[in-house]
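In what follows, a structure is listed as structure tokens, so that the remarks can point back to it.
Listed below in structure tokens is the structure:
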């Protein structure tokens, strides 16, 4: 839910990063490179992917995108400054049983790269910045061992009651546990990214910089969609709704409310109260969402405020031959491929260009499947908010943005303004209580010392007086340091709470 303190920290961090970047403006150069990375991703909805036209699937070797695209920045003198890396994989190597503040795969890949480039700096404090960004990852998992029943170990799937009672169907990564899996996936992301940074061929980005943005009310949009059979259908965007299969979760982690995959009931009384509290979907809503069995008609319920967005942000950014499609959600593999093609057909007819899907930009509007994938109503289809024609509407919209960029059209309006929800939002998390340290101690005091010496591999314990971290988020500071006593009897900081080892 909404927590004002969390929002404040995010806003402050984003603002500071922009101001500092602006203060360090200088002349520089940009380079783009790309390469294939196999062995760290797989489709978590291959059955849905197979519903896409056979001729379309035949154009691609894999049912997930394996191409890593990387944009490198350097100073005029050739000093590396940073990179943005796009690769389609969910950051779900750490599953929802993790209770520590940990980097997931792409976060740890960023840490590894920055440690490599800033060897004498603490994490997040160095000159070089490495960003591992999202792409069309909607149906892509890093848990490449595939789904199995947790106790019996037999193969399973979601949806589908394929495990015994009280036994979850969960996919796991290449390691022996989720932390090792995260490390392995991150290491391979880093290795490939570093190879692209220093390797050939690499292309310098030259040319004009341009951008275009428009808000779209998805519930008011209509589109002509040509089916794989050649029939043209007039479709429209629906009011937002979540399907029953959404509540079951995915092979990356179960849902929150004890739904059996594919069922329409929950064993969780709290969820039953919620669904009874929300009005049933109208006949028009049921018809609009077609194959979706609606669990919550979020677009027809606005108390105390809208439960789902209906106005979304759409945007294109162009840097020379690089086109970045900023999309407001998690597009599946084939959805992303169709968006890239639609943009290429407009902007890249007479010249070479690279189109990148930058996922989860600006607005978050859950998942976007193709109309064919939507029919099966797996998790991604059930989470496609605006119904079966969501993707065709986006294809029309991004083609429109591309044409406006190409023609220099200045008449494209900003679109409908999203509603500011902040005055009406509720927070279910109470404010933290005032903290005081234990008697005769101050915060940070060590109340249980570790042993004077320890062997390699031995577990060492220490206890400190601490408070609720919500009472002081310690922005740009650290909740802990790991220090080493040097030969000249000085303590050197060797790790902070940003390090992988400290979690």
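In my numbering, the protein residues as written are 3 to 505. Where a beta carbon is used, it is the ideal one built from N, C-alpha and C, also for glycine.
Sixteen is the threshold: since fewer than 16 other Cβ atoms of the shown chains lie within 10 Å of the Cβ of residue 451, the residue is exposed. Within the segment 377-427, the complete alpha helix (DSSP H) runs of at least 4 residues fall at 381-384 and 392-409. Taken atom to atom, the span from the alpha-carbon of residue 212 to that of residue 474 is near 41 Å.
Within its own chain, the residues whose Cβ lies closer than 7 Å to the Cβ of residue 229, once the five positions on either side in sequence are excluded, are 235, listed in chain order.
Rounded to the nearest angstrom, the gap between the Cα atoms of residue 431 and residue 472 is 11 Å.
Within the DSSP secondary-structure output, residue 313 pairs in a beta bridge with 219.
Between residue 406 and residue 360 the beta-carbon gap is near 19 Å, outside 8 Å, which marks them as no contact. As summarised for the segment 333-371, the continuous beta strand (DSSP E) elements at least 3 residues long and confined to that stretch are 356-360, given in chain order. If you check the CB distance, residue 66 and residue 44 come in under 8 Å. Spatial neighbours of residue 40 in its own chain (CB-CB distance under 7 Å, excluding positions within 5 residues in sequence) are listed in chain order as 68.
Per the coordinates, the alpha-carbon of residue 186 lies some 15 Å from the alpha-carbon of residue 196. Under the three-state reduction of DSSP, residue 14 is assigned to helix. Shown here, residue 156 sits in coil according to DSSP, grouped into three states, outside any helix or strand. Going by C-alpha positions, residue 42 is about 25 Å away from residue 154.
Between residue 136 and residue 256, the alpha-carbon positions lie close to 22 Å from each other.
Residue 171 has its alpha-carbon roughly 19 Å from the corresponding atom of residue 378.
The alpha-carbon of residue 501 is positioned some 37 Å away from that of residue 215. Between residue 132 and residue 188 a beta carbon distance of about 12 Å is seen, past the 8 Å cut, so the two are scored as non-contacting.
When the alpha-carbon of residue 72 is set against those of 118, 102, 167 and 207, the nearest one is in 207. Ranking 504, 18 and 84 by CA distance to the CA of residue 30 puts 84 first. Assignment of residue 81 by DSSP, reduced to helix, strand and coil, places it in the coil class.
The alpha-carbon separation between residue 245 and residue 21 amounts to approximately 42 Å. Per DSSP, residue 226 lies in no alpha helix (DSSP H); the unbroken beta strand (DSSP E) holding it starts and ends at 224-228. The beta strand (DSSP E) runs of length 3 or more contained entirely in the segment 50-95 are, from start to end of the chain, 69-77 and 82-88.
Annotated three-state conformation of residue 46 is coil, per DSSP. Secondary structure note for residue 188: its alpha helix (DSSP H) is the uninterrupted segment 180-200. Ranked by how close their Cα comes to the Cα of residue 333, the residues 130, 310 and 383 have 383 in first place.
Between the segment 311-321 and the segment 282-289 there are fewer than three C-beta pairs closer than 8 Å, too few to call the two in contact. Per the C-alpha coordinates, the member of 33, 104, 141 and 34 positioned closest to residue 385 is 141. Beta-bridge partners assigned by DSSP to residue 301: none are found.
Straight across, the Cα-Cα distance linking residue 336 with residue 398 is about 16 Å.
Between the beta-carbon of residue 93 and that of residue 108 there is about 5 Å, and that keeps the pair under the 8 Å contact cut. When the Cα atoms are used, residue 9 and residue 415 turn out to be separated by approximately 29 Å. From the listed residues 23, 12, 17 and 49, the smallest Cα separation to residue 381 is found for 49. In the structure shown, residue 504 adopts coil according to DSSP, grouped into three states. Linking residue 429 to residue 413 through their CA atoms gives a straight-line distance of about 40 Å.
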